[in-house]
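> First residue of the sequence shown? That's 1 in my numbering, and the numbers climb one at a time after it.
Virtual Cβ for every residue (Gly too), placed ideally from N, Cα, C.
Since we're looking at a predicted model, the values are computed, not measured.
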Amino acid sequence: MYIPLVFLSFFGFSVTGLFGRHIGPKGAAIITTSCLILTFFLSVFAFYEVGLMGSPVYIRLAPWVSSEVLLINWGFQFDSLTVIMCMVVTSVSSLVHLYSIEYMSHDPHLPRFMSYLSLFTFFMLILVTADNYIQMFLGWEGIGLASYLLINFWFTRVQANKAAIKAMIVNRIGDFCLIIAILTLYVNFKAVDYATVASLAPFFKTQTVNFLNMDFNILSLICVFLFLGAVGKSAQLGLHTWLPDAMEGPTPVSALIHAATLVTAGVFLIARSSFLYELAPNGLELVTVLGACTAFFASSVGLLQNDLKRVIAYSTCSQLGYMVFACGLSDYAVGIFHLANHAVFKALLFLGAGMVIHAVNDEQDMRKMGGLKKLVPFTYSVMTIASLALIGFPFLAGFYSKDLVLELAYGRFTSLGHFSYYLGTFGAFLTAFYSTRLACLTFLVKPNGVRPVIGYAHETFSYMFIALCVLAIPSIFVGFWAKDMIVGVGSDFFGAAIYNNPKTLHIFDAEFVEFFYKSLPVTLSLFGASLSFVLYNFQSSILFNIKVSSLGRKVYTFLNKKWFFDKLYNELFGQFFFKFGYTISYKSVDRGAFEIMGPAGLSSVASSVAHQLHKAQTGSLYHYTLLILTVVALILSMRQIWLMFEYSVDYRGLVLLLITSFLILSSKNKVFYKT
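Here is the structure:
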């Protein structure tokens, strides 16, 4: 049961990729979707056996690396953390496959698209089921490859090419840091499997390494590099710039990346490495601060974006910040709970946005929409549910996880906890504002689009309809159903899958937070939603006056241009690396030193020598005689030098050498003519 759970998606990818031309779009859709649905049911069985019944499963397939210094097995670890991630990945992926059958039905490359989706899912399952860091890194790089292929699926579009390359390059920074972390683990622990590292970690709690005359705690160093790897994949502040541009891919790709696969990998890595982070408090502080800053930053940028999918993309970035700083406050279980809740309503939000885009002839600018409430009522309903779950409306999925994250942050009663709480609370207000703005501009305000486009907007009631219906149900109920089981007081759902240091266990403290601080996030969220609804429906002139004012223009430009991160990176790093790459790497090294020492240098030297030898062939008998005598004299002089240094100093040999040298030099200055 467990091995097919991992490899069924790879089977679908292989069959579709190899025989897609023969089985056609319909056959490719049936095979890949059937494999994913079957994988989902196997995940449900695994969740029941491992998660609910508390029976972890460890499978060793075969040795991968076997040497005197390192042993790595092909192995799979199914514990509570693994099965909940498998449930999230397979449920969302199977529905995205189902949705794509209709959404991409007019694309001639549907078999290739479905095979890429299955490959993406397979590598994500490899990542979450691995029992060591090397195998996890295989899945990590695999989802990077699959994301490149899917973002660049429409490879004839220049913007899709740029977005895919940008995602690959930015993620390479995080991947390089993750490699350093794994190598540091191996050098110190002589192992990379989770069980061995977790057992040895307490012995390295006080160990340090000296670098540049500074001592660094080994565990803190490893945790920092692990987190920098997570920063790239989970689009945290600094390496977040690829995430909005990834919207150039088809909408089902955006749903899969943002809901269940790529961006959740970093959060999973932190939770899986909890046995290291709990022994390295400095690493947790960095995680907390950067996560809280990301939550605030992304929500502020999403406030004034006009592209429908980019608004949702920045909401993903913001919610990832909540998950990360929850892990930074040692609330790993709550972070994973929010990840699972977020997956369902974010997938619903993206797939609903896909239906809107499909209905209005591929238009994505919200300013050119409006008035779609009556034309696409079902899509309006499901997107409203998803938006309310996102802002944490009471008793929907997001309410039970996001508010719990903020309560636990305040319940730490530390400066870092309060810092995270206030940034997260203000981020919740901004999230509610831009989520309501999205609904108003798309569905509620007067139509602003072209008459033929808006007038013929319609819905489809086939596979896309089924996928949205299925996702709408957990978006309402999953938080209420799963909270007590996964993160309830006294719950031991994760067991040994997540290491909880007794000194940092404070789930009980959330129950003693004052009512004001408990109710503040939901109050501000409702206030932000109400304010946005009123301004965009009834008082749009106020927004216009603010936007055209001197201060308003500056704030609008600053937020709309995403805090100028792209401009900063392009001017500081982009230009520097372009110049360095051209003048140093290309001209001085590739076309300089390498070519001189390589084929170009050898060919020029050979040509020069050949030219000089050709000039020496004058055809003169006198010249050839002199050359023969010179060579003989050189040979005799070399012998005389040998005898001179071996027995005694003999100046006759030196005189003969000087005469011979003089003859050679003088012969070069003469011009010989043929006689």
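Is there contact here, the segment 462–481 with the segment 342–362, by at least three beta-carbon pairs under 8 Å?
Touching, yes, given that three or more Cβ pairs across the two stretches are closer than 8 Å.
> Quick check: the segment 309–320 against the segment 268–287, are there 3 or more CB pairs under 8 Å?
Output reads no: the segment 268–287 does not touch the segment 309–320.
> Smallest Cα separation from Leu219: which of Ile180, Leu559 and Ile498?
Answer by Cα proximity: Ile180.
> Taking Leu239 as the reference, give the member of Thr251, Ser637, Glu514 and Tyr569 with the closest Cα.
For Leu239, the nearest C-alpha among the options comes from Tyr569.
> Just how far apart, CA to CA, sit Gly17 and Gly321?
Their backbone Cα atoms lie some 36 Å apart in a straight line.
> Can you give the Cα-Cα distance for Lys190 and Leu119, rounded to whole angstroms?
Cα to Cα, Lys190 sits roughly 32 Å from Leu119.
> Between Asp245, Ala235 and Phe176, which lies nearest to Thr261 when the distance is taken from Cα to Cα?
Selected option, being the one with the closest Cα: Ala235.
> Report, in whole angstroms, the separation of the C-beta atoms of Cys327 and Ala271, which I expect to be a contact under 8 Å.
Right, their Cβ atoms sit about 6 Å apart.
> Does DSSP put Tyr673 in a helix, in a strand, or in coil?
The predicted position of Tyr673 is uncertain, since its pLDDT is 40 and thus under 50; no value can be drawn from it.
> Near Gly54, which residues of its chain fall below 7 Å by C-beta distance, leaving aside the five closest residues on each side in sequence?
If we look at Gly54 and ignore the five residues flanking it on each side, its Cβ neighbours are Gly495.
> From the DSSP output, in three-state form, read off Ile546 for me.
It is helical.
> Going by C-alpha to C-alpha distance, which of Ser381, Leu551, Asn448 and Ser299 sits closest to Lys562?
Cα-wise, what sits closest to Lys562 is Ser299.
> Look at Ile222 and Ile134 and say whether their C-beta atoms are less than 7 Å apart.
Not closer than 7 Å, so no.
> I need the straight-line Cα distance from Ala130 to Ile101, nearest angstrom please.
Taking the straight line joining both Cα atoms gives about 30 Å.
> Which first and last residues belong to the alpha helix (DSSP H) in which Gly312 is found?
Per the sequence shown, the amino acid found at residue 312 is Ile instead of Gly. Ile312 -> alpha helix (DSSP H) spans Leu308 to Gly328.
> Looking only at its own chain, which residues have a Cβ that is under 6 Å from the Cβ of Met87, when we skip the five neighbours before and after it?
Once the five neighbours on either side are set aside, the close Cβ partners of Met87 are Ser43 and Phe47.
> Do you know offhand how far Ser199's Cα is from Ser273's?
Looking at the two C-alpha atoms, the distance is approximately 12 Å.
> For Leu71, which residues does DSSP report across the bridge?
In DSSP, Leu71 forms a bridge with Ser66.
> If you draw a straight line from the C-alpha of Phe538 to the C-alpha of Phe512, how long is it?
Distance between the alpha carbons of Phe538 and Phe512: 41 Å.
> What's the C-alpha gap between Ile546 and Thr379?
Distance between the alpha carbons of Ile546 and Thr379 is about 32 Å.
> Assess, as a yes-or-no matter, whether the segment 433–442 is touched by the segment 360–376 under the definition of 3 or more beta carbon pairs within less than 8 Å.
Cβ pair count under 8 Å is three or more, so yes.
> Figure out for me which residue from Glu248, Asp331 and Asn213 has the closest Cα to the Cα of Trp154.
Answer by Cα proximity: Glu248.
> Quick one: using the 10 Å Cβ neighbour count with 16 as the cut-off for buried, is Ile635 buried or exposed?
The residue is exposed, with fewer than 16 neighbouring Cβ atoms inside 10 Å.
> Quick check on Ala343: does DSSP put it in helix, strand or coil?
DSSP places Ala343 in helix when its eight states are reduced to three.
> Rounded to whole angstroms, what's the CA-CA distance from Leu308 to Asp365? Just pull it up for me.
Going from the Cα of Leu308 to the Cα of Asp365 covers about 6 Å.
> Comparing alpha-carbon positions, which option in Ser9, Phe544 and Lys205 lies nearest Ser115?
For the residues Ser9, Phe544 and Lys205, the minimum Cα distance to Ser115 belongs to Ser9.
> With DSSP as the reference, please indicate the residues paired to Asp193 in a beta bridge.
Looking at the DSSP assignment, Asp193 forms a beta bridge with Asn132.
> Short check: CB of Leu290 to CB of Leu237, under 7 Å?
Yes; because the gap between Cβ atoms is below 7 Å, this pair is in contact.
> Go through its chain and collect everything with a Cβ distance to Ala467's Cβ below 7 Å, but skip five positions before and after it.
Correct list, in chain order: Leu95, Leu98, Tyr99 and Leu351.
> Can you tell me whether DSSP reads Thr39 as helix, strand or coil?
If DSSP states are grouped into helix, strand and coil, Thr39 belongs with the helices.
> Indicate whether Ala295 and Ser330 have their beta-carbon atoms separated by less than 7 Å.
Contact flag unset, no.
> Would you check if the distance between the CB atom of Ile31 and the CB atom of Gly12 is smaller than 7 Å?
Contact flag set, yes.
> Would you kindly work out how many angstroms separate the C-alpha atoms of Val548 and Leu423, rounded to a whole number?
Each residue's Cα considered, the two are about 28 Å apart.
> Assess, as a yes-or-no matter, whether the segment 77–86 is touched by the segment 18–30 under the definition of 3 or more beta carbon pairs within less than 8 Å.
No, they do not touch.
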